Each structure stands twice: as structure tokens, then as C-alpha cells.
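Take UniProt numbering: the last position of the sequence shown gets the number 49, and nothing is skipped along the way.
In this text, a Cβ means the ideal position worked out from N, Cα and C, and glycines have one as well.
These numbers come from a predicted model, not from an experiment.
Okay, so here's the structure we're looking at.
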Amino acid sequence: MQLIYKLMQLIYKTWLFRTCYAKLTLCQREQGAGSREQEEEALFRKIDG
1 MQLIYKLMQL IYKTWLFRTC YAKLTLCQRE QGAGSREQEE EALFRKIDG
């Protein structure tokens, strides 16, 4: 039972991350921001803290 719960949590976090990432890149593209490499770098900095 514990394993199923952890698996669900992992799937949810992955889905949440992908959704947020998609929204972030979409917003930045609309604003005409820099290259994709810069976007990814900025995102990973936010995650690492």
C-alpha cells in the first residue's frame, strides 16, 4: 500500500513539473525571451534553490 502511494506521489510531481515547465516556456515565448538553453538554465536554478 505504501509503495502505491509513493508511486502516485511521484507521478503527480512529475506531471506537476511538466505542466509548470510547459506554462513557463509558453509565457516566455510569448514575451519573446531568450534562447531555450537560457530558459532551461533559469528553471534548473529555481529548482536547485
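**Report entry** C-beta atoms of Q28 and E39 nearer than 7 Å
**Finding:** Going by C-beta atoms, Q28 is nearer than 7 Å to E39.
Query - Any non-hydrogen atom of the ligand GTP within 6 Å of Q2 CB - result: In the structure shown, the ligand GTP is absent, as is every other ligand, since no ligand is present at all.
Query raised in the report: Using DSSP with H/G/I as helix, E/B as strand and the rest coil, what is M8?
Result: Assigned with DSSP and collapsed to three states, M8 falls in helix.
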